[in-house]
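**Q** Protein chains in written order, with the numbering used here: chain L, 2 to 398; chain H, 6 to 384.
Following this message is one structure expressed as structure tokens.
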Ligand SMILES: Cc1cc2nc3c(=O)[nH]c(=O)nc-3n(C[C@H](O)[C@H](O)[C@H](O)COP(=O)(O)OP(=O)(O)OC[C@H]3O[C@@H](n4cnc5c(N)ncnc54)[C@H](O)[C@@H]3O)c2cc1C
Ligand SMILES: Cc1cc2nc3c(=O)[nH]c(=O)nc-3n(C[C@H](O)[C@H](O)[C@H](O)COP(=O)(O)OP(=O)(O)OC[C@H]3O[C@@H](n4cnc5c(N)ncnc54)[C@H](O)[C@@H]3O)c2cc1C
């Protein structure tokens, strides 16, 4: 038996012993997701047990090195673990912007001290992060951001407003882009880590068209950010004024995450399920809708092959660095189309906003939520700009 | 297996790419033969050169003189054929017929394969009987007669049928027209008495025939595989051809896209390169995304077929449908973004549009294959 097959057998056994039955069901709503952090609570004992087993094994962040709370798995091993978890429909033990976004950036740009402290806290679910990039006047044109940090020797005084900060009201810390040199557009931005409990940080929820309010306006008023959180733990990641590189690197990971390149049901065929669904409500699929579903399924299955190819190539270092933009564009547009079709197949039933049968209007709320996929983390138009400039090398500024 | 070419495959791709660009290019092949009204629609010289490189026998087992490779490798050659619009009987002979012949008897292989490997023979396949690809319905009949068969019926869209030394014919030996079973495949030699061809030149300058079988006498040893058991061989042959056509379609899409992107970087209007206009940039970037996705699903499916995976049949239809949609987008955007010049015969972009139309129709268009995906998924 090869080492990898051996690893697969062991993983299967471990999952069998450690993943409770309740954790082997698709995530249905927000409560099913454990985000960690200072104020987190578990939904039930199964969620707690599953989380704790994974923390102990390093499986909240399997590919991170062991000294930072990971399991130190090689890329092929991590793939096996993903496959084995998918096989039993295991829920992610911990979801977090720390894992998806900040972690990779720290691994790449962080000091040893920052890695020791923050990566371990993230891996152990002790800290919940939010992302402070966007501002009211700086969305797609992120580099025009105005939040300003004034150098006061041993600390910064930060003033400004962030917007669309997902889960800011529940986050412990924020990774934040702050202008520290007004004369320099790209090389005047610092990537700062700020404790949300610091005096002067406040948040205000924003209600979405889905009726939920997962994000906030975040206000920073005379926030004193110490330059250091301890030995070899500076408040900024990378160098002062060179945060743009970190920001872009992190965006690459965010886009990959949003595009669903790592798998998940976004890329699955839906025609058969929609037919069963329609039959349950006593309907047939309209032939034209069936044809659209078939064309969608062709696109979805093809995109799923692309996701696999992209991961293989990225792992082997053969993917174009701007490829995640293409994946994000294609994946999010596909996901929107998917929910349009699901709404159509559901008919009047999927219009229900509060009924028990629809789990509190899940189809409609999810449909509305997906419209953000092609906005958050950079809009589709911006993705197309990047692809045309960086991959196709089309001219113009 | 990772979804990119390994070292050997990358080497093959290099060889195929430079060979097709140098010897198989549009000027030397497609335009050359078209402008001479060549009755074959391709050059035998190039076919011979392809044999010297081993391409003709790429799917033929090594003990038959071939390279014994798989659909990934055949796809590499086909993608380069597509990019250069190289007219060649590779898809019908080395992919479709070769796959059918791999199910044939030892004698049959010995009779036909050396000619293919040497680039001396050209093969065609005769499946369709109407203007659309409907292999579920076969009405051409082969009646038992002595130790052989009498073949009667007609076939449409037999690509390179007029040039073929042998045609693989799907005929009914029992059952009724729409039945899955009761099909037998025959290797019908060029000189078979009672076979006649009505040749037509197609929009892409390739040649096809309407072929009639008027009581064609066939020996018992013309049967490929089992009598009445041909559906399985036919399906295997069609899968090979469809994923092959998909690979060629990816090449057509890439060829059209590359030319278009180059043009956007050269043509000036309103005092700017037209590639600076965002309206065109976004469409080009969208096209690029679709081409990458089509290419990914094609490679994925080739690997599944080579591995004999259960999902390979459905994924073949996914790939064929996806590529057909994508290549269509590529040629349409290509002609449009070239402006008036895209409508001229002198510019190559229009040739891509023509080839796409013919290739997409061959072995089932995107509608046929999307419908198949729906049926196989249970809706
Ligand atoms: C659900 C959700 C969660 C989010 N979470 C966070 C978060 O946690 N942290 C955070 O910092 N931000 C977050 N965002 C913000 C997100 O990153 C921005 O919304 C996004 O970058 C777009 O910026 P904007 O909303 O200001 O739109 P604008 O930049 O004003 O864009 C408006 C329209 O103009 C188009 N446009 C803009 N520039 C160009 C151009 N150059 N070429 C062509 N078209 C252009 C856009 O594509 C868009 O269609 C979130 C957004 C959403 C919807
Ligand atoms: C069949 C045919 C008959 C014709 N008959 C006549 C005739 O009788 N008399 C005559 O004078 N002309 C005639 N024309 C020419 C026709 O008017 C031009 O082809 C047309 O105006 C486009 O110009 P172009 O071909 O130079 O394309 P270009 O201007 O080079 O355009 C190339 C591509 O770039 C795009 N593009 C250009 N500028 C922009 C921009 N600012 N923003 C976004 N996209 C842009 C175009 O839409 C096109 O897709 C004919 C053309 C054809 C094809």
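Think of the CB as a built atom: it goes at the ideal place given N, C-alpha and C, for glycine as much as any other residue.
1) Which residues, in chain order, does the region 266-296 of chain H contribute to contact with chain L at a C-beta distance below 7 Å?
2) Just confirm the distance between the C-beta atoms of residue 51 of chain H and residue 63 of chain H, as a whole number of angstroms; I'd bet it's less than 8 Å.
3) Note down, in chain order, each residue of its chain lying with its Cβ closer than 6 Å to the Cβ of residue 265 of chain L, except the 5 sequence neighbours on either side.
4) First and last residue of the beta strand (DSSP E) that includes residue 161 of chain L?
5) Helix, strand or coil: which one does DSSP assign to residue 206 of chain H?
6) Out of L:25, L:172, L:168, L:192, which has the shortest C-alpha to C-alpha gap to residue 246 of chain L?
7) How many angstroms separate the CA atom of residue 170 of chain H from the CA atom of residue 164 of chain H?
8) Under 7 Å Cβ to Cβ from residue 326 of chain L, same chain only, skipping five residues before and after it: list those, please.
9) What do you get for residue 307 of chain H, buried or exposed, if any count of 16 or more other CB atoms within 10 angstroms of its CB means buried?
10) Give the C-beta separation of residue 190 of chain H and residue 105 of chain H to the nearest angstrom, bearing in mind that I take them to be a contact with Cβ-Cβ under 8 Å.
11) Give me the chain L residues within the contact set of residue 8 of chain H, using Cβ-Cβ distance strictly less than 8 Å, ordered along the chain.
12) Which of helix, strand or coil does DSSP assign to residue 248 of chain H?
13) Taking 8 Å as the limit between beta carbons, can you name the residues of its chain near residue 263 of chain L, skipping five residues before and five after?
14) Would you mind reading off the limits of the beta strand (DSSP E) that contains residue 357 of chain L?
15) Return helix, strand or coil for residue 237 of chain L, following the three-state DSSP convention.
16) Output the boundary residues of the alpha helix (DSSP H) element that contains residue 204 of chain L.
17) Rounding to the nearest angstrom, what Cα-Cα distance links residue 230 of chain L and residue 236 of chain L in this structure?
18) Report all residues from its chain with a CB closer than 6 Å to the CB of residue 194 of chain H; omit the five preceding and five following residues, and keep chain order.
19) Quick one: is residue 264 of chain L near chain H, going by C-beta distance under 8 Å?
20) Check the DSSP bridge columns for residue 194 of chain H and list the partner residues they point to.
21) Anything in the region 338-357 of chain H with a Cβ closer than 7 Å to a Cβ of chain L? List those residues in chain order, please.
22) I need the straight-line Cα distance from residue 134 of chain L to residue 17 of chain L, nearest angstrom please.
23) In chain order, what residues place their C-beta within less than 7 Å of a heavy atom belonging to ligand 2?
24) What do you reckon, are the CB atoms on residue 35 of chain H and residue 90 of chain H nearer than 8 Å?
25) Take residue 211 of chain L as the anchor and find which of L:162, L:367, L:67 has the nearest alpha-carbon.
26) Is the number of C-beta pairs between the region 278-289 of chain H and the region 353-369 of chain H that are closer than 8 Å three or more?
27) At least one CB of chain H closer than 8 Å to the CB of residue 379 of chain L: is that the case?
28) I'd like to know whether the C-beta of residue 392 of chain L is nearer than 8 Å to at least one C-beta of chain H.
29) Where does the unbroken beta strand (DSSP E) through residue 174 of chain L begin, and where does it stop?
30) Using a cut-off of 7 Å between C-beta atoms, extract the partners of residue 382 of chain H located in chain L.
31) Considering just the uninterrupted stretch of the alpha helix (DSSP H) at residue 243 of chain L, what are its terminal residues?
32) Any chance the CB of residue 190 of chain L is under 7 Å from a heavy atom of ligand 4?
33) Would you mind listing the beta strand (DSSP E) stretches within the region 59-137 of chain L that are 3+ residues and don't spill past its ends, in chain order?
34) Got a sec, what are the start and stop residues for the alpha helix (DSSP H) residue 35 of chain L sits in?
35) Would residue 289 of chain L be called buried (16 or more neighbouring beta carbons within 10 Å of its own) or exposed?
36) Hey, would you say the C-beta of residue 101 of chain L is under 7 Å away from at least one heavy atom of ligand 1?
**A** The short version:
1) Residues 266, 269, 270, 278, 280, 281, 286, 287, 289, 290, 291, 293, 294.
2) The residue labelled residue 51 of chain H in the question sits at position 46 within the second chain. The residue labelled residue 63 of chain H in the question sits at position 58 within the second chain. About 15 Å; that fails the 8 Å criterion.
3) Translated into the one-based positions of the first chain, residue 265 of chain L becomes position 264. Per-residue confidence for residue 265 of chain L stands at a pLDDT of 46, beneath the threshold of 50, marking its modelled position as unreliable; the derived number appears in the next sentence. Here the set comprises nothing.
4) Locating residue 161 of chain L in the first chain gives position 160, counting from the first residue. 156-167 is the span of the beta strand (DSSP E), which, as asked, contains residue 161 of chain L.
5) The residue given as residue 206 of chain H occupies position 201 in the second chain. Strand, per DSSP.
6) Taking the first residue of the first chain as 1, we reach residue 246 of chain L at position 245. By alpha-carbon distance to residue 246 of chain L, the top candidate from L:25, L:172, L:168, L:192 is L:192.
7) Here residue 170 of chain H is taken as the residue at index 165 of the second chain, counted from 1. Here residue 164 of chain H is taken as the residue at index 159 of the second chain, counted from 1. C-alpha separation (whole angstroms): 13 Å.
8) As a first step, residue 326 of chain L is located in the first chain; it is residue number 325 there, counting from the start. Here the set comprises 256, 384, 387, 388.
9) Residue numbering aside, residue 307 of chain H sits at position 302 when the second chain is read from its first letter. When all chains shown are included, residue 307 of chain H counts as buried.
10) Against the second chain, residue 190 of chain H aligns to sequence position 185. Against the second chain, residue 105 of chain H aligns to sequence position 100. So it is a contact: roughly 6 Å between Cβ atoms.
11) As a working mapping, residue 8 of chain H is identified with position 3 in the second chain. Under the 8 Å cutoff, chain L gives 306, 309, 310, 313, 314.
12) Along the second chain, one-based indexing puts residue 248 of chain H at 243. Residue 248 of chain H carries a helical assignment under DSSP once its states are collapsed to helix, strand and coil.
13) Taking the first residue of the first chain as position 1, residue 263 of chain L is located at position 262. The predicted position of residue 263 of chain L is uncertain, since its pLDDT is 47 and thus under 50; a value taken from the coordinates is nonetheless stated next. Around residue 263 of chain L: 83, 257, 308, 312.
14) Residue numbering aside, residue 357 of chain L sits at position 356 when the first chain is read from its first letter. Careful: residue 357 of chain L lies outside any beta strand (DSSP E) and carries neither H nor E.
15) Residue 237 of chain L sits at position 236 when you count from the first residue of the first chain. In the structure shown, residue 237 of chain L sits in a strand (DSSP, three-state: E or B).
16) Walking along the first chain from the start, residue 204 of chain L turns up at place 203. It is not in any alpha helix (DSSP H) - residue 204 of chain L instead sits in the beta strand (DSSP E) that spans 202-207.
17) Your numbering for residue 230 of chain L matches position 229 in the first chain. Your numbering for residue 236 of chain L matches position 235 in the first chain. For residue 230 of chain L and residue 236 of chain L, the distance between alpha carbons rounds to 6 Å.
18) The residue given as residue 194 of chain H occupies position 189 in the second chain. Counting only Cβ-Cβ distances below 6 Å, and skipping sequence neighbours, we find 171.
19) Against the first chain, residue 264 of chain L aligns to sequence position 263. Low local confidence applies: a pLDDT of 44 at residue 264 of chain L is under 50, so the model's placement there is unreliable, with the coordinate-based value given in what follows. No - not a single Cβ of chain H is within 8 Å of the one on residue 264 of chain L.
20) In the second chain, the residue the question calls residue 194 of chain H occupies position 189. H:171.
21) Hits within the stretch: zero.
22) Taking the first chain and counting its residues from 1, the one referred to as residue 134 of chain L is at position 133. Taking the first chain and counting its residues from 1, the one referred to as residue 17 of chain L is at position 16. Straight-line spacing of the CA atoms in residue 134 of chain L and residue 17 of chain L works out to 41 Å.
23) H:272, H:274, H:275, H:279, H:282, H:284, H:285, H:341, H:342, H:343, H:344, H:345, H:346, H:348
24) Sequence index remark: in the second chain, residue 35 of chain H carries index 30 (1-based). Sequence index remark: in the second chain, residue 90 of chain H carries index 85 (1-based). Cβ atoms of residue 35 of chain H and residue 90 of chain H: closer than 8 Å.
25) Position 210 of the first chain, counting from 1, holds the residue named residue 211 of chain L. For residue 211 of chain L, the nearest C-alpha among the options comes from L:367.
26) no
27) Indexing the first chain from 1 puts residue 379 of chain L at position 378. Chain H contact via Cβ: absent.
28) Start at 1 with the first residue of the first chain, and residue 392 of chain L comes out as number 391. True, the Cβ-Cβ gap to chain H drops below 8 Å.
29) For the purposes of this step, residue 174 of chain L is taken as residue 173 along the first chain, with counting starting at 1. Unbroken beta strand (DSSP E) run through residue 174 of chain L: 174-180.
30) In the second chain, the residue the question calls residue 382 of chain H occupies position 377. Result: 270, 272, 273, 298.
31) Here the question's residue 243 of chain L lines up with position 242 in the first chain. No alpha helix (DSSP H) contains residue 243 of chain L, which DSSP labels as neither H nor E.
32) By its list of ligands, the structure shown excludes ligand 4, since it contains just ligand 1 and ligand 2.
33) 130-133
34) Numbered from 1 along the first chain, position 34 holds the residue referred to as residue 35 of chain L. Segment: none, residue 35 of chain L is in no alpha helix (DSSP H) and carries neither H nor E.
35) Position 288 of the first chain holds residue 289 of chain L. By the beta-carbon neighbour count (other beta carbons within 10 angstroms, threshold 16), residue 289 of chain L is exposed.
36) As a first step, residue 101 of chain L is located in the first chain; it is residue number 100 there, counting from the start. Flag unset: Cβ of residue 101 of chain L not near ligand 1.
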